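Take a look at the structure set out below.
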Amino acid sequence: MSPDTEQWTPTHGEPYRPVAYRPDRLPSAESLARSAWLRERMDERRTVRHFSPDPVPDQVVKDAVACAATAPSGAHQQPWTFVLVKDAQVRRRIREAAEREESLSYDGRLGEEWLAALRPLGTDAVKTHLTDAPALLVVFQQRYWLGPDGAKRKHYYVDESVGIAVGMLLTALHLSGLAALVHTPSPMRFLSQALHRPENEKAFAVIPIGYPAEDCEVPDLVRKSLDQVMTEV
Ligand code: IYR
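With the sequence shown counted from 1, adding 395 to any position gets you my numbering.
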C-alpha cells in the first residue's frame, strides 16, 4: 500500500512535537506589492454559470485541492473529502438528481422571500453547468472520523473548517486560471448515494470547474467597498 492510500489515523490526546517556525519576514514594500496584486486579482474573480466543455489540466485541479487541504481546521481534524468527477455519465446523473430537487425548490419550497433574493441573479432549476463543465468537485464534510473498525470520533467546527477550505480552493482555482461556481443543491443527500460516500460524510457543495464558455455572461454585480465591509476600533 502506498503512503497515500494508507488509512490516516488522527492524533488523539498526544501533544504535537513543537518545531521551529521562522519564516523570512517580507520587507513591507514587497508585502504591499503582493497584497495590492492579490487584491486586484481577486477582484477579477467571478462566479461562472456558463462553462466551456473544454477539459482542464488535471494537475491544476489537484494542486488547488492540495491548497484547500492546507486550510486550518478545528483541532486540526481536516474534516474534508473532495471527490473529483469527470465521468460524463456520473455528471449527467448528478445533474438529473440536482434538477429534480431544484425544481421542487424553485416551485415553492424556497418561499417568496428567498425567491425574491435570487431573482436578480436569474438562477433557475436548470443546471447546465453540471454537465457542461468538464469537472465537478464535490466537497464533503466529515461530521466525525470513522475508523477502520467502525470507531467514531467527533469532529469540531466542521462547517467553519470546510467553508475556509472551500474559500482557499476558489482562490487557488482562480489564481490558476480556472473558473468555478459554488453550487448547493438542497437537499444534497443524493450526492452521497451517487458517489458512494461513507456514513460520516455529508455533502457541502458541488463545484463545477472549467473555463468560461465563449459567450459567457455574468451579472454586473457591485461589490461592497472596503469601507462598507470593515470598521476599525
Ligand atoms: N441552490 C439553488 C438556489 C440558490 C440559492 C442561493 I442563496 C444562491 O446564491 C444561488 C442559488 C440553486 O443552486 O439554484
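Don't be surprised by glycine CBs; every beta carbon is placed ideally from N, CA and C. Computed from a predicted model, the values in this text were never measured in an experiment.
Given a threshold of 16 other Cβ atoms within 10 Å of its Cβ, counted over all protein chains shown, does residue i qualify as buried or as exposed?
i, result
"Met625", "exposed"
"Arg444", "buried"
"Lys522", "buried"
"Val480", "buried"
"Ser468", "buried"
"Met396", "Confidence is the limiting factor: at Met396 the pLDDT is only 43, short of 50, which leaves the residue's position unreliable and the question unanswerable from this model."
"His578", "buried"
"Gln623", "exposed"
"Thr476", "buried"
"Pro422", "exposed"
"Leu516", "exposed"
To the nearest angstrom, how far is the alpha carbon of residue i from that of residue j?
i, j, result
"Ala431", "Glu596", "38 Å"
"Ala483", "Ser587", "18 Å"
"Ala349", "Leu576", "Outside the displayed span of the chain (396 to 628) sits residue 349, for which this structure offers no information."
"Arg514", "Glu508", "10 Å"
"Arg412", "Trp403", "18 Å"
"Glu497", "Val478", "21 Å"
"Arg548", "Ala464", "20 Å"
"Asp419", "Ser426", "12 Å"
"Cys611", "Pro410", "51 Å"
"Leu505", "Ala520", "12 Å"
"Pro582", "His407", "33 Å"
"Arg486", "Lys457", "18 Å"
"Ala608", "Glu494", "21 Å"
"Pro593", "Arg584", "12 Å"
"Ala512", "Val534", "25 Å"
"Val613", "Leu573", "15 Å"
Per DSSP, what kind of secondary structure is residue i in: helix, strand or coil?
i, result
"Ala546", "coil"
"Gln402", "coil"
"Pro467", "coil"
"Thr442", "strand"
"Lys457", "helix"
"Gln473", "coil"
"Ala528", "coil"
"Pro607", "strand"
"Glu508", "helix"
"Glu596", "strand"
"Val478", "strand"
"Ala492", "helix"
"Val577", "coil"
"Tyr501", "helix"
"Val628", "coil"
"Val485", "helix"
"Leu513", "helix"
"Val617", "coil"
"Val521", "coil"
Thinking C-beta only, is residue j closer than 7 Å to residue i?
i, j, result
"Pro448", "Asp544", "no"
"Pro474", "Ser556", "yes"
"His569", "Arg440", "yes"
"Ala530", "Ile604", "yes"
"Ile489", "Leu532", "no"
"His524", "Tyr539", "no"
"Gln536", "Phe599", "yes"
"Leu564", "Ala470", "no"
"Ala415", "Ala560", "no"
"Val455", "Ser571", "yes"
Using only the heavy atoms of ligand 2, determine whether one of them is closer than 6 Å to the beta carbon of residue i.
i, result
"His524", "In the structure on display, ligand 2 does not appear, and the ligands it does have are ligand 1."
With 7 Å as the threshold, decide whether the Cβ of residue i is near any Cβ in chain B.
i, result
"Val617", "Among the chains in the structure shown there is no chain B, since it carries only a single protein chain."
Would you please state the rounded distance, in angstroms, between the beta carbons of residue i and residue j? I believe it to be under 8 Å.
i, j, result
"Tyr552", "Phe446", "The Cβ separation is near 32 Å, so there is no contact."
"Pro580", "Gln472", "That belief does not hold up - the Cβ atoms of Pro580 and Gln472 are roughly 26 Å apart, past 8 Å."
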